[in-house]
Amino acid sequence: MQYAIMNKTLLVALGLFGLGGWANAQDIQNKTLDEEALRACLFLEDDQLRLRCFDDATGRSLVVKDGSAPEAAAAIDGGLLLYKRSEDTTLSWLDRRWELAPSAKRGTFSIRPYQPVYLLPVYHNKSPNIRPTSPNPANTVQPGDAPENLDRNELKFQLSLKTKVMENMFGDNGDLWFGYTQSSRWQVMNQDISRPFRETNYEPELIFTWRSSWSEFREATGWEPRLLGLSLNHQSNGRALPLSRSWNRLIGMVGFERENTMVQFRPWLRIAEDAAEDDNPDISDFMGRGDMLLVHKHNGHEYSLLTRHNFRGGDESRGAVQFDWAFPLTSNLRGHLQYFTGYGESLIDYNYKSDYLGVGLSLVGWY
Numbered sequence: 014m015q016y017a018i019m020n021k022t023l024l025v026a027l028g029l030f031g032l033g034g035w036a037n038a039q040d041i042q043n044k045t046l047d048e049e050a051l052r053a054c055l056f057l058e059d060d061q062l063r064l065r066c067f068d069d070a071t072g073r074s075l076v077v078k079d080g081s082a083p084e085a086a087a088a089i090d091g092g093l094l095l096y097k098r099s100e101d102t103t104l105s106w107l108d109r110r111w112e113l114a115p116s117a118k119r120g121t122f123s124i125r126p127y128q129p130v131y132l133l134p135v136y137h138n139k140s141p142n143i144r145p146t147s148p149n150p151a152n153t154v155q156p157g158d159a160p161e162n163l164d165r166n167e168l169k170f171q172l173s174l175k176t177k178v179m180e181n182m183f184g185d186n187g188d189l190w191f192g193y194t195q196s197s198r199w200q201v202m203n204q205d206i207s208r209p210f211r212e213t214n215y216e217p218e219l220i221f222t223w224r225s226s227w228s229e230f231r232e233a234t235g236w237e238p239r240l241l242g243l244s245l246n247h248q249s250n251g252r253a254l255p256l257s258r259s260w261n262r263l264i265g266m267v268g269f270e271r272e273n274t275m276v277q278f279r280p281w282l283r284i285a286e287d288a289a290e291d292d293n294p295d296i297s298d299f300m301g302r303g304d305m306l307l308v309h310k311h312n313g314h315e316y317s318l319l320t321r322h323n324f325r326g327g328d329e330s331r332g333a334v335q336f337d338w339a340f341p342l343t344s345n346l347r348g349h350l351q352y353f354t355g356y357g358e359s360l361i362d363y364n365y366k367s368d369y370l371g372v373g374l375s376l377v378g379w380y
């Protein structure tokens, strides 16, 4: 409940932020293209064409006396193509997604992909949670507080983006990002209760990333420890009591890659709250204290496995596993299959064990 007003304010701010970002997208894109064009000029061996290339990239007017403008334009395009090809072959997945290498930097305040974006029109749960509970009595649902005739089938979608706030904070390394992820579960076929959004989770975060390199580890294992990170993460569902759920975390991050495979480990520490206002005092025992993400790509298919665990043993051992498979349908469209089992598919179900199976479309993958 204490976060409901803050969440509404956050959504309005994010909306304005998004509108502003998209309004400036063209200007930012033009700037990025100019920077790429400047690098492309370095691939031209002919001195005259290279000079014309730099003039064109910087917007300086050309006075062509020998009628060779088409030839110059073609050479410039060729240089840009060579540059892009060289960048594609030298930059790794983590380089491209997090702009780690100096040649991957694209400046600040433009929209980038973050977590996967997908739409699952069919999302099936064989046993919906009709009576959410919490150790805090104020957050335990009583009869009549929430709809109990929930459909087993609903629609799920996820949106996710990030933007770089600061670049190269320490020499040519160290970037600060703002990320935002939102996932919703919609009872779209449940006409009896007016097709409500059963649960939406909002997740803004500040992320600091650092390019790392450990040649001895790479030579010994074949894995490149490329990414280090630290984030301040808030996640909530924006609901009033007794349905309010939220937590704040400090999350560490380390990413390794090897050919077509990436693995990322994220341990976290929950930031303590006042006991009387804590929506979910035992959330770490169910949602976990860390996760591991494994992503593999092969022939246009992307497979990912996300596991969470509370780092406890015996009867207290709890966690979750989520498997996603994005597969090609057409040249620009991919299907998406998702399977989840365990605790905490969403915040309202943080202490409820369930199994989900979803099918739909993948719009943006992990890498």
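Heads up: the sequence shown begins at 14 in the numbering used here, then just goes up one per residue.
Built from N, CA and C at the ideal position, the CB exists for glycine as well.
{"Query": "How is the beta strand (DSSP E) around residue 197 delimited, first residue to last?", "Result": "188-199"}
{"Query": "Compute the Euclidean distance between the alpha carbons of residue 321 and residue 216, then round it to the nearest angstrom.", "Result": "17 Å"}
{"Query": "How big is the Cα-Cα spacing for residue 141 and residue 273?", "Result": "37 Å"}
{"Query": "Name the two residues that bound the continuous alpha helix (DSSP H) containing residue 108.", "Result": "106-111"}
{"Query": "State the Cα-Cα distance for the pair residue 242 and residue 162, rounded to the nearest angstrom.", "Result": "43 Å"}
{"Query": "Threshold first: 4 residues or longer. Then list the alpha helix (DSSP H) segments lying entirely within the region 227-284, N to C.", "Result": "228-234"}
{"Query": "Look at residue 256 and residue 159 and say whether their C-beta atoms are less than 8 Å apart.", "Result": "yes"}
{"Query": "Relative to the C-alpha of residue 300, which residue among 252, 247, 180, 363 is closest?", "Result": "363"}
{"Query": "Give me the residue from 250, 346, 189, 183 with the minimum Cα distance to residue 358.", "Result": "250"}
{"Query": "Where residue 193 and residue 213 are concerned, what is the direct C-alpha to C-alpha distance, given to the nearest angstrom?", "Result": "13 Å"}
{"Query": "For the beta strand (DSSP E) containing residue 453, name the first residue and the last one.", "Result": "In this structure the chain extends from 14 to 380, so residue 453 is not present and cannot be described."}
{"Query": "Just the C-alpha distance for residue 285 and residue 136, rounded to the nearest angstrom, thanks.", "Result": "34 Å"}
{"Query": "Check the DSSP bridge columns for residue 139 and list the partner residues they point to.", "Result": "DSSP lists no partner for residue 139."}
{"Query": "Let me know if residue 98 comes out buried or exposed under the rule of 16 or more other beta-carbons within 10 Å of its beta-carbon.", "Result": "Residue placement at residue 98 is flagged as unreliable, the pLDDT there being 43, under the threshold of 50; the coordinate-derived value follows with that caveat. Flag for residue 98 reads exposed."}
{"Query": "Note down, in chain order, each residue of its chain lying with its Cβ closer than 8 Å to the Cβ of residue 332, except the 5 sequence neighbours on either side.", "Result": "301, 320, 321, 322, 323, 355, 356"}
{"Query": "Just to confirm, are residue 231 and residue 167 a CB contact at a threshold of 8 Å?", "Result": "no"}
{"Query": "Nearest to residue 291 by alpha carbon, out of 278, 261, 268?", "Result": "261"}
{"Query": "In whole angstroms, what separates the C-alpha of residue 367 from that of residue 146?", "Result": "15 Å"}
{"Query": "Cβ of residue 174 within 8 Å of Cβ of residue 119?", "Result": "no"}
{"Query": "Within the 8 Å Cβ cut-off, does residue 376 reach chain C?", "Result": "Considering every chain present, this structure includes no chain C. It has just one protein chain."}
{"Query": "Please go through the same chain and pick out, in chain order, the residues whose beta-carbon is closer than 6 Å to the beta-carbon of residue 295, but skip the five residues on each side of it.", "Result": "148"}
{"Query": "Suppose you measure from the CA of residue 329 to the CA of residue 298; what does that come to, to the nearest Å?", "Result": "8 Å"}
{"Query": "If I measure Cβ to Cβ from residue 224 and keep anything under 6 Å in the same chain, skipping five residues before and after, which residues do I get?", "Result": "113, 186"}
{"Query": "Quick check on the burial criterion: 16 or more other C-beta atoms within 10 angstroms. Buried or exposed for residue 369?", "Result": "buried"}
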